[in-house]
Amino acid sequence: MASRRRMLLKVIILGDSGVGKTSLMNQYVNRKFSNQYKATIGADFLTKEVQFEDRLFTLQIWDTAGQERFQSLGVAFYRGADCCVLVYDVNVAKSFDNLNNWREEFLVQASPSDPENFPFVVLGNKVDVEGGNSRVVSEKKAKAWCASKGNIPYFETSAKEGINVEAAFQCIAQNALKTEPEEEIYFPDTIDVAGSGRHQRSSGCEC
Amino acid sequence: MQEADLHDLSDDPDYAASQQQALGRSLYRSDSAKSTEMDSGGGGGSETVYVKDNVAIHPTQYASERISGRLLLVKRDSSLFMTWIPYKLSVGGTDSTGRSSNAGILEKDRKLYTIKDVPLADVHSIRRHTPTLGWQYIIVVLSSGLAFPPLYFYNGGVREFLATLKQHVFIVRSADDANVFLANDFQDPLQKSLSSLELPRVVSVANGATLHGSVGALSSVENSERRNGDMQIATSSSEYSGRNKHKLHDPARDISIQVLEKFSLVTKFARETTSHLFRENHNNDSSIHERKQLDHKPSSASTDTQKISSAPVAPDPLEFDKLPLIWGKQRQQPLDVKEWVCFLDAEGRITDSKALRKRIFYGGVEHSIRKEVWKFLLGYHPYDSTYAEREYLASVKKSEYEIIKSQWQSISPAQARRFTKFRERKGLIEKDVVRTDRSISFYDGDDNPNVAVLHDILLTYSFYNFDLGYCQGMSDLLSPIFYVMEDESESFWCFVELMERLGPNFNRDQSGMHSQLFALLKLVELLDTPLHNYFSKTECLNYFFCFRWLLIQFKREFEYEEVMRLWEVLWTHYLSEHLHLYICVAILKRYRQKIMGEEMDFDTLLKFINELSGRIRLGDILRDAEALCVCAGENGDACIPPGTPPSLPLETASLYPQQDQDDI
Chain X
1 MASRRRMLLK
11 VIILGDSGVG
21 KTSLMNQYVN
31 RKFSNQYKAT
41 IGADFLTKEV
51 QFEDRLFTLQ
61 IWDTAGQERF
71 QSLGVAFYRG
81 ADCCVLVYDV
91 NVAKSFDNLN
101 NWREEFLVQA
111 SPSDPENFPF
121 VVLGNKVDVE
131 GGNSRVVSEK
141 KAKAWCASKG
151 NIPYFETSAK
161 EGINVEAAFQ
171 CIAQNALKTE
181 PEEEIYFPDT
191 IDVAGSGRHQ
201 RSSGCEC
Chain Z
1 MQEADLHDLS
11 DDPDYAASQQ
21 QALGRSLYRS
31 DSAKSTEMDS
41 GGGGGSETVY
51 VKDNVAIHPT
61 QYASERISGR
71 LLLVKRDSSL
81 FMTWIPYKLS
91 VGGTDSTGRS
101 SNAGILEKDR
111 KLYTIKDVPL
121 ADVHSIRRHT
131 PTLGWQYIIV
141 VLSSGLAFPP
151 LYFYNGGVRE
161 FLATLKQHVF
171 IVRSADDANV
181 FLANDFQDPL
191 QKSLSSLELP
201 RVVSVANGAT
211 LHGSVGALSS
221 VENSERRNGD
231 MQIATSSSEY
241 SGRNKHKLHD
251 PARDISIQVL
261 EKFSLVTKFA
271 RETTSHLFRE
281 NHNNDSSIHE
291 RKQLDHKPSS
301 ASTDTQKISS
311 APVAPDPLEF
321 DKLPLIWGKQ
331 RQQPLDVKEW
341 VCFLDAEGRI
351 TDSKALRKRI
361 FYGGVEHSIR
371 KEVWKFLLGY
381 HPYDSTYAER
391 EYLASVKKSE
401 YEIIKSQWQS
411 ISPAQARRFT
421 KFRERKGLIE
431 KDVVRTDRSI
441 SFYDGDDNPN
451 VAVLHDILLT
461 YSFYNFDLGY
471 CQGMSDLLSP
481 IFYVMEDESE
491 SFWCFVELME
501 RLGPNFNRDQ
511 SGMHSQLFAL
521 LKLVELLDTP
531 LHNYFSKTEC
541 LNYFFCFRWL
551 LIQFKREFEY
561 EEVMRLWEVL
571 WTHYLSEHLH
581 LYICVAILKR
591 YRQKIMGEEM
601 DFDTLLKFIN
611 ELSGRIRLGD
621 ILRDAEALCV
631 CAGENGDACI
641 PPGTPPSLPL
651 ETASLYPQQD
661 QDDI
């Protein structure tokens, strides 16, 4: 119990309703896509074991309801997050415009100890739709926004086709590891291993 | 005083007879023919080890209205079971009042109290009362914390009962109270240590309840106000303490009060006993401090686990699942057409809506008549309307619907471009209807016209109630309604009625959800204090793990047909408008051993609850919820803030407070 907990990395996926948060999570964890997902009510999470160097971690990926009206619940779910994934639909401009709201709302509700450096990752999802012909947010625009927010790593993904999902979550996991020093206060026996792993990895994730 | 009331049987014609019987008969270890007949649970190797006649339950405070029956202890497969079966009216002659018109109701009430094959392994303790005046009685408290109503031994024999028990199960006399006998004392060390986690304030509530047990002569109004006082102490917040003053004069409420009053005495007794037991554990258990310290040291977690598992008989969570229900009635067959038409008079009015709602509460409705019945349950059709009036209403409402629908239909693409809120709302609805119940054949396949109707109704509703708009979860609530109604306008108006009650679930400030989550917290505190304390310790008191249950009324937790069954039961508001909260408590209680035994934290608990979806047995949970609702009585009512959904909102002005948010 204690050792499992020590390795837990908590990741929160946020973004407008219908951008594909549940699908991304399921594609990454179960390598499955379904057209039949229901709108998420409340929150749920999936876990996946990931390995870095010779250490095993449990990635706990939280999927939440996308409608703004439910944001006040976040306070219970965002607590203790190690990384926040912001998802938008490249075919829906509004979902991109809202990224800023989601980011700020997260920082308010999760109140991480170092908000300036809290790791986010942005995913532009549904790049497969109509062969990319219906997209309204360009990669350039998205990358510019990410750069302006402290070089947030950015990926273009398709949960349906499984494009870039694995790579995105690799990066997410590595970024989640960056916040681990806080945890080490409680689990001093892990300092050495985590420390070396973290510094090497964080430089490898300038995506 | 209570005792005097209870045993004043001077007006009871049965009194003399039972006294005579008491003198003449001694029935335990009686003939085997009788015992086989009684053992409906049946099977081969069962042996009746104790039989006692004229053991009665007092459903009200008047002993004259007692229900007499036979108490049995049956041994089967080396386990002991307790059964109490009320006599049939003709046999027991308990309808001493001679009110033949009430006979039917009485007969049903009697069955309500039946105790069927309760394993003694589930019994936590037995409290004996041997007053100098009146009859001896016992109260059996189960390990779940629920208690059976007091069993009065009109023929005496409590001592023999206990002696027989002692031969077959492990029973110890409580060191604290010579009249309390603890059964299975060794069996549940975890439970025991959790009970002794009692915080001082909880103990004070228990003490308060004990006090009330001795002031039974007070009028019920005084009593309920005093109980509110208790709640106030317990919550240390006076916000909701004035609740009783807000009680609505709703006929549905009145009938439920009648039923609940019958049980208030029982509840009082049960609580009194329970409070004694809490103190019992408090005194005996010292290991809790060790446990608390261990919790902070993850490295010693394994020793902690060992400690629990090395207990003599580890409690099996599955065993708890099989716990028979105490007062929850056997579920009935759904109401069918034949029975339904009996509720209608010649012109189509429902003359006895209470009886109808009661009938549906216990069995639901056959699918073929849901279309008709749901309109009454939801309040779209008044119970006293005639066929002709309903036909007229349908046509008026149809055109009214078309007018509202045309409001958004007439928005041109050019206008829509300049109407962000409309586009966003429409977009959100479009996204949600295509992921609502698509596995049901009624909604499956590409370009299913029924999905389009869901869209139209929801968008029309967002114009009808522009302040509330559209919110995720609404499509879940509408889907079964349209599935049943198969008519766009009728579905819309039924949905409107449902949203009158559930609308606050979707408020921007989440006020409706928060009041339900708060009520749930208070109910668990009342009905399962150890579980409450566990949630408190693990910082789970926000109850967000029940959010989905409450937001869409368990829509995602059951199969489609079961959802419809559950909803029609909830919509009767028969025992309580808030039965759904008792359903939450019932489910949590079913899994309490697992939750506490596995020491689930918030995350694990949320995952566990989410994964219960599709695995909850509706019939069992409804019976549990009914029992808990009855058991909680007025104390339960006092846990629920006024206006908590699905109660109708307290005031009609500003139903959906607006905030300057971009939310659609």
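Chains as they are written, first to last, in the UniProt record's numbering: chain X, 1 to 207; chain Z, 1 to 664. Note that CB positions come from ideal geometry on N, CA and C, so glycine has one too.
- Sorting Z:E561, Z:F602, Z:F161 by C-alpha distance to the C-alpha of Z:I440 places Z:E561 at the top.
- Residues of chain Z whose Cβ lies closer than 8 Å to the Cβ of X:S17 are, in chain order, L428, K431, D432, Q472.
- Within chain Z, the residues R435, R438, S439 have their CB atoms less than 8 Å from the CB of X:Q36, given in chain order.
- The Cβ of Z:F495 sits no closer than 9 Å to any Cβ of chain X.
- Judged by pairs of C-beta atoms under 8 Å, the stretch 42-51 of chain X does not touch the stretch 89-100 of chain X, as fewer than three such pairs exist.
- For Z:N179, no pairing in a beta bridge is given by DSSP.
- From the listed residues Z:I429, Z:F81, Z:L468, the smallest Cα separation to Z:L502 is found for Z:L468.
- Under the 9 Å criterion on CB atoms, X:K48 is classed as non-interfacial with respect to chain Z.
- Taking a cut-off of 8 Å for Cβ pairs, the stretch 626-643 of chain Z and the stretch 518-534 of chain Z touch, as three or more such pairs fall below it.
- The stretch 107-127 of chain X and the stretch 442-450 of chain Z do not touch, with fewer than 3 CB-CB distances between them shorter than 8 Å.
- The beta carbon of Z:E568 sits closer than 8 Å to the beta carbons of I360, G364, V365, R370, V373, W374, L377 from its chain, once the five residues preceding and following it are set aside; these are given in chain order.
- In the DSSP assignment, Z:E424 falls within the unbroken alpha helix (DSSP H) covering 420-433.
- Following the DSSP letters along the chain, one finds Z:E634 in no beta strand (DSSP E) but inside the alpha helix (DSSP H) bounded by residues 618-637.
- In the DSSP assignment, Z:S576 falls outside any alpha helix (DSSP H) and carries neither an H nor an E.
- Closer than 9 Å to the CB of X:R69 there is at least one CB belonging to chain Z.
- As the crow flies, the alpha-carbon of X:A173 is around 30 Å from that of Z:R435.
- Partner residues in the beta bridge of Z:T83, as assigned by DSSP, are Z:L72.
- For X:R31, the secondary structure class from DSSP, reduced to helix, strand or coil, is coil.
- Here Z:S491 carries a helix assignment [DSSP, helix/strand/coil].
- Residue-level contact by beta carbon fails for X:K126 and chain Z, as no gap is shorter than 9 Å.
- With contact defined as three or more Cβ pairs closer than 8 Å, the stretch 609-628 of chain Z and the stretch 488-505 of chain Z are not in contact.
- Contact check for Z:S515 against Z:G379 fails: the beta carbons are separated by 9 Å or more.
- Under the DSSP definition of a beta bridge, Z:V123 partners with Z:L142.
- In this structure X:K126 is in contact with X:S158, their Cβ atoms being roughly 6 Å apart against a cut-off of 8 Å.
- In the three-state reduction of the DSSP assignment, X:I13 falls in the strand class, which pools E and B.
- The DSSP-derived three-state label of X:T64 is strand.
- With the rule of 3 Cβ pairs closer than 8 Å, the stretch 448-460 of chain Z does not count as touching the stretch 531-545 of chain Z.
- When DSSP states are grouped into helix, strand and coil, X:N164 belongs to the coil group.
- Z:I57: not part of any alpha helix (DSSP H); member of the beta strand (DSSP E) spanning 46-57, first to last residue.
- For X:D89, the uninterrupted beta strand (DSSP E) segment begins and ends at 83-89.
- In the pairwise beta carbon analysis, the stretch 385-403 of chain Z is classified as not touching the stretch 465-483 of chain Z: fewer than three pairs are separated by under 8 Å.
- Counted as a single uninterrupted DSSP element, the stretch harbouring X:Y154 is not any alpha helix (DSSP H) but the beta strand (DSSP E) occupying residues 154-156.
- Straight-line measurement puts the Cα of X:K160 at about 8 Å from the Cα of X:S34.
- For the stretch 551-584 of chain Z, the residues whose beta carbon sits under 8 Å from a beta carbon of chain X are, in order, L551, I552, R556.
- The C-alpha of X:E166 is placed about 14 Å away from the C-alpha of X:I61.
- Less than 9 Å separates the beta-carbon of X:W145 from that of X:V122.
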